[in-house]
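Please read the structure below before turning to the comments.
Number of protein chains: 2
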Amino acid sequence: MIQAFDPRTGEPVGEPVAETADAEVDARVTAALAACPAWGSPGATPLRAAALEAVADALDARAGELAVIADTETALGGERLTGEVARTTGQLRLFATALRAGGYVDAVVSPAVGALPDVRRVWRPVGPVAVFAASNFPFAFSVAGNDTASALAAGCPVVVKAHENHPVTSDLTAETVTGALASAGAPPGTFGLVHGADAGLRLLRHPGIAAAGFTGSTGGGLALARICAERPVPIPFYGELGSVNPCVVLPGAALARPAGIAIGYAASLTLGSGQFCTNPGLLFAPEDVGLLTAIAEAVAASAGGPMLSARIFAGYTEAVAQAAGHPGVTELAAGQPGDGPWGATPQVFQTTLKEFAADLAVLSRERFGPAGIVVTYPSLDDLLPVLAALPGNLVAAVHVDTDWPQDMELARQVVPVLERIAGRIVCNGWPTGVAVVPAQHHGGPWPATTMPGFTSVGTAAIRRWLVPVAYQDFPPELLPPALRPA
Amino acid sequence: MIQAFDPRTGEPVGEPVAETADAEVDARVTAALAACPAWGSPGATPLRAAALEAVADALDARAGELAVIADTETALGGERLTGEVARTTGQLRLFATALRAGGYVDAVVSPAVGALPDVRRVWRPVGPVAVFAASNFPFAFSVAGNDTASALAAGCPVVVKAHENHPVTSDLTAETVTGALASAGAPPGTFGLVHGADAGLRLLRHPGIAAAGFTGSTGGGLALARICAERPVPIPFYGELGSVNPCVVLPGAALARPAGIAIGYAASLTLGSGQFCTNPGLLFAPEDVGLLTAIAEAVAASAGGPMLSARIFAGYTEAVAQAAGHPGVTELAAGQPGDGPWGATPQVFQTTLKEFAADLAVLSRERFGPAGIVVTYPSLDDLLPVLAALPGNLVAAVHVDTDWPQDMELARQVVPVLERIAGRIVCNGWPTGVAVVPAQHHGGPWPATTMPGFTSVGTAAIRRWLVPVAYQDFPPELLPPALRPA
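Top line first, the protein sequences correspond to chains R and Z.
Residue 32 in our numbering is what sits at position 32 of the first sequence, and the numbering runs on without skipping anything.
Residue 36 in our numbering is what sits at position 36 of the second sequence, and the numbering runs on without skipping anything.
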């Protein structure tokens, strides 16, 4: 049985949920396979758009109830969770819009010329998709989150492996999704849910699964990626893993607005008790400025909150202790501890670029939670090679005084380095907050993601679930509609 | 030392070429890394287009010489090899055109709206690319082939591992490429060549390599794919491996034009001594028609040729013997043996759908060379589940009488099945011949390729070497040119 716990008390909350038995996992995949033709055919695009909107409407109608239940399982707070439901339904509707616009199938026609044949290419759905839900976003990266929304939009039936931290929220969401899909006319098997780690592994190994999406820890993600690679028929594994998200403050910005930067940093670091894959884990600041004092003040004024689970809290405690015990590192500031047995205390450490570079692998690791390391650098020339040596990240940031030509010149040097170590770069802002827009890229070099060419947020996320097919010298009546002559 | 052999005699031909030492492999990658900023920057697009054209011009100028040398190492014949040089230079020029058109960077802008930030996304080159050349295309899939052309176009320096069957051709091509790139102003290190299996493995494991392309056997490709997955930092491996390329003849087509189908099949099967990844290894034909007689006649009238190497000939011999010795299989026809010690004999076998389905894994394996199995099927209803169970293929074909409504109805049923087991479907034609056009998809489900979402032929091949970067709230002067406001 899977039992949720209230992070504010550490006590069990809600009824336990049964783990999904092997035969039921298989049945979900079989049903998903059976749904493929009706859900994935080019003619089903209007059905899919309408069904995604029906799911969004159904979730919105239960938003209050969902947020209340999710708060008992995550302690993320009603305001955040209500907002997250809205983000989730916004994502579903964005894909409906993208489906109606139609360009996502990337239809390309190369007409016959001379000895060359007529060749036409379009994307088709890859087949049933397994989605592994995240702990830290019970809606937007869970049962009906962006992996599910994008795969359903692509024409792929989905089987979700619920996260064990919020089983009741997952069941309630799944019930809502299933009901809305059925009302909208989606074939049975379009969507399914399984519970439990064993069920998740069986799902990933099932020959009927064609691709998988995952949001979670680096360790968990790499283990699942290995399973996908070692299947008799390997499948693509789109894992969004850990990230430290380096932020660089240039000298002009540090001089011009130390308080603003410090307050923004502390807010981004402690948002949601730091439980974001986009948390600013590393801040590179110039030496000899008032910025460090301002950061110490801002962090001291911040407060932590209850973390999502005992395991996540234990991981945070270990990661913070490792930084605190490092010989080259000193504590810069700590905030107020969060409530409950798993309450996180915001903590910021300080080191020099030289110390950091000397033990880069350890000091650049993710510390999931509200902990950061501020690395002081003597000059940008010293900083650039160290930045270039960082592992891949989802996002990086640069703070620059745009009115100061010298700072802009430094920015021109740092941006090309950040481009190579992060999938998104924020200017004069912070990495937390991933806008759900067509141009978004929530991805990045390994190990931030297992497939650096793809995003897990925004409409381009649909590309993960599509593969091309080319048709050569086809009579128009046998072509998919998007490829037929006008 | 690497020694080429003349397939017509089995004797050594040309001077032996030294294997590349470890330090030299490392030096090639270091030089490639150093070339990245100058070759890959957005501002270098005109340079890249001009340089690709310079390479094409230089190869064209030496086409005769290249074809003569390659013929001594491959015995593919002057006409085919001259044509292959032209195809290779055509590919290079096609990418130059694509670069000038500019759309390949997939620039997307999501302007700031309400609380949403301004987000802009564009593709950037992934970094130095390792290319593993193929045996069967000494130009179009080798040193200056489509992997190299697409990676250079993307802005990625390339280090090629030459195929050991044609080392002198590889050196001559590399010398031509290097000279043309230098004359065009490309930075040193933009292109490099290494020889030898050990050098290839060292190249693939080098931390400076960001992605790899490969065209070759399933066994070799999967071994290299595993190395890429197990690196400390895994890299994407775009492998184009083996394929049996099923062709389905529908009853109407079989009745209407048995001779045409038989002649086309025999021609496609024996082209280049069957040494194509697109060779039609499986032909599914209706029972009780004159088609089999026509096929037997056409194949009996065909002739083989010298295969590329002793190893490939041994593999063919083994694969044919396995089919011949299979209890459910009978020989339908054989052609004339090719010349020389490695001369292949075209051979076509016959079996029933029932026998085929009973041992699908063995009977559906690739037999690289001019060997095919004709599988007779009682009805399309019987055939469809067997087709659906085939491993992934680069290409499939369907022969249909477009004037006969019943055949068109059958085609409507078979095409959706072929879409799921092949990356390209040819109607009333044969799988050999891959047009180099923007709509091409030379890919397909695993194990035909290791990355089913990507093509290795046509302009979309450039996408393998690009990864997205998103810029959030950037001042225009810090954005890449493609993302700046008009």
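Ideal Cβ positions, reconstructed from N, Cα and C, are used throughout, including at glycine.
Can at least three beta-carbon pairs, one atom from the segment 107–123 of chain R and one from the segment 140–151 of chain R, be found at a separation below 8 Å? With a cut-off of 8 Å, the segment 140–151 of chain R and the segment 107–123 of chain R do not count as touching, because too few Cβ pairs lie within range.
Using C-beta distances below 7 Å, list every residue in its chain close to residue 391/Z, excluding the 5 sequence neighbours before and after it, in chain order. Close CB contacts of residue 391/Z within its chain, under the 7 Å cut and outside five residues either way in sequence, are with 364, 447 (chain order).
Neighbour list for residue 475/Z in chain R, Cβ cutoff strictly below 9 Å: In chain order, 400, 402, 408, 411, 427, 428 make up the part of chain R whose C-beta sits under 9 Å from the C-beta of residue 475/Z.
Are the segment 294–313 of chain R and the segment 332–349 of chain R touching by the rule of at least three beta carbon pairs closer than 8 Å? Judged by Cβ distances under 8 Å, the segment 294–313 of chain R makes contact with the segment 332–349 of chain R, as three or more pairs qualify.
Would residue 226/Z be called buried (16 or more neighbouring beta carbons within 10 Å of its own) or exposed? Residue 226/Z comes out exposed.
Considering only the alpha carbon of each residue, which of 137/R, 130/R, 426/R lies closest to residue 166/R? Answer by Cα proximity: 137/R.
Residue-level contact to chain R via CB, residue 28/Z, 8 Å cutoff: Not one chain R Cβ lies under 8 Å of residue 28/Z.
Could you check whether residue 464/R and residue 127/R sit closer than 8 Å to each other, using their CB atoms as the reference points? No.
Suppose the cutoff is 6 Å on Cβ atoms and the five residues either side in sequence are ignored; what does the same chain contact list for residue 422/R look like? Excluding sequence neighbours, residue 422/R sits near 393, 395, 396, 444.
Per DSSP, cross-strand counterpart(s) of residue 6/Z: Note: residue 6/Z is bridge-paired with 11/Z in the DSSP secondary-structure output.
Proximal residues to residue 251/R (C-beta, below 6 Å), its chain only, five neighbours per side dropped: Closer than 6 Å at Cβ, skipping near neighbours: 286.
Which runs of the beta strand (DSSP E), 3 residues or longer, sit entirely within the segment 162–204 of chain Z? Fully enclosed beta strand (DSSP E) runs of 3 or longer: 191–194.
Residues of the segment 120–146 of chain R in Cβ contact with chain Z at a cutoff of 8 Å, in chain order, please. So the close ones are 120, 121, 124, 126, 127.
Any Cβ of chain R within less than 8 Å of the Cβ of residue 158/Z? The beta carbon of residue 158/Z sits no closer than 8 Å to any beta carbon of chain R.
Would a check of beta-carbon distances place residue 446/Z closer than 8 Å to chain R? The beta-carbon of residue 446/Z is placed less than 8 Å from the nearest beta-carbon of chain R.
Should residue 91/R go down as buried or exposed, given a rule of 16 or more other Cβ atoms within 10 Å for buried? Buried is the call here.
Quick one: complete alpha helix (DSSP H) runs, 4+ long, within the segment 215–282 of chain Z? Runs of the alpha helix (DSSP H) lying entirely within the segment 215–282 of chain Z, each at least 4 residues long, are 218–230, 251–256, 258–270 in chain order.
For residue 475/R and residue 405/Z, the rounded distance between their alpha carbons: Here the alpha carbons of residue 475/R and residue 405/Z stand approximately 13 Å from one another.
Look at the alpha carbon of residue 155/R and the alpha carbon of residue 129/R, and state the distance between them as a whole number of angstroms. Computed Cα separation, rounded: 10 Å.
Do residue 299/R and residue 535/R count as a contact pair if the criterion is CB distance below 8 Å? Residue 535/R is absent from the structure shown; chain R starts at 1 and stops at 486.
Taking 7 Å as the limit between beta carbons, can you name the residues of its chain near residue 340/Z, skipping five residues before and five after? 7, 8, 9, 10, 306.
Let me see if you follow: with CB-CB separation under 8 Å, is residue 365/Z close to chain R or not? No, residue 365/Z lies away from the interface with chain R (no Cβ there is under 8 Å from its Cβ).
List the endpoints of the continuous beta strand (DSSP E) containing residue 396/Z. From DSSP, the beta strand (DSSP E) with residue 396/Z extends over 393–399.
Cross-chain neighbours of residue 439/R in chain Z, by beta carbon under 7 Å: From the beta-carbon of residue 439/R, the residues of chain Z found nearer than 7 Å are 108, 109, 110, 119, 120, 121, 470.
Judging by CA-CA distance, which residue of 245/Z, 275/Z, 271/Z, 3/Z is the nearest neighbour of residue 284/Z? Minimum Cα distance to residue 284/Z is reached at 245/Z.
At 7 Å on the CB atoms, spell out the chain R contacts of residue 455/Z, in chain order. By Cβ distance, chain R contributes 468.
Quick check on the burial criterion: 16 or more other C-beta atoms within 10 angstroms. Buried or exposed for residue 451/R? With 16 or more other Cβ atoms within 10 Å, it is buried.
Less than 6 Å between C-beta atoms, sequence neighbours within five positions excluded: which residues of the same chain meet that for residue 426/Z? Cβ neighbours of residue 426/Z within its own chain (closer than 6 Å, five residues either side excluded): 397.
Interface partners of residue 435/R on chain Z, CB under 7 Å: Residues of chain Z passing the Cβ test: 116, 117, 119.
What residue range does the alpha helix (DSSP H) around residue 87/R cover? 78–101 is the extent of the alpha helix (DSSP H) around residue 87/R.
Mapping DSSP to helix, strand and coil, what is residue 331/Z? It is a strand residue.
Just the chain Z side, please: which residues come within less than 8 Å of residue 55/R by C-beta, in chain order? Those within 8 Å of residue 55/R in chain Z number zero; the least Cβ separation is about 23 Å.
For residue 86/R, would you say it is in contact with chain Z, using Cβ-to-Cβ distances shorter than 8 Å as the test? At a cut-off of 8 Å, the C-beta of residue 86/R has no neighbouring C-beta in chain Z.
Taking the C-alpha atoms as reference points, what is the distance between residue 434/Z and residue 185/Z? Cα to Cα, the separation comes out at about 32 Å.
Could you name the residues of chain Z that residue 208/R contacts, counting a contact when the two beta carbons are closer than 8 Å? Residues of chain Z passing the Cβ test: none, with the nearest at roughly 12 Å.
Give me the residue from 352/R, 373/R, 336/R, 288/R with the minimum Cα distance to residue 324/R. Nearest option by C-alpha distance: 373/R.
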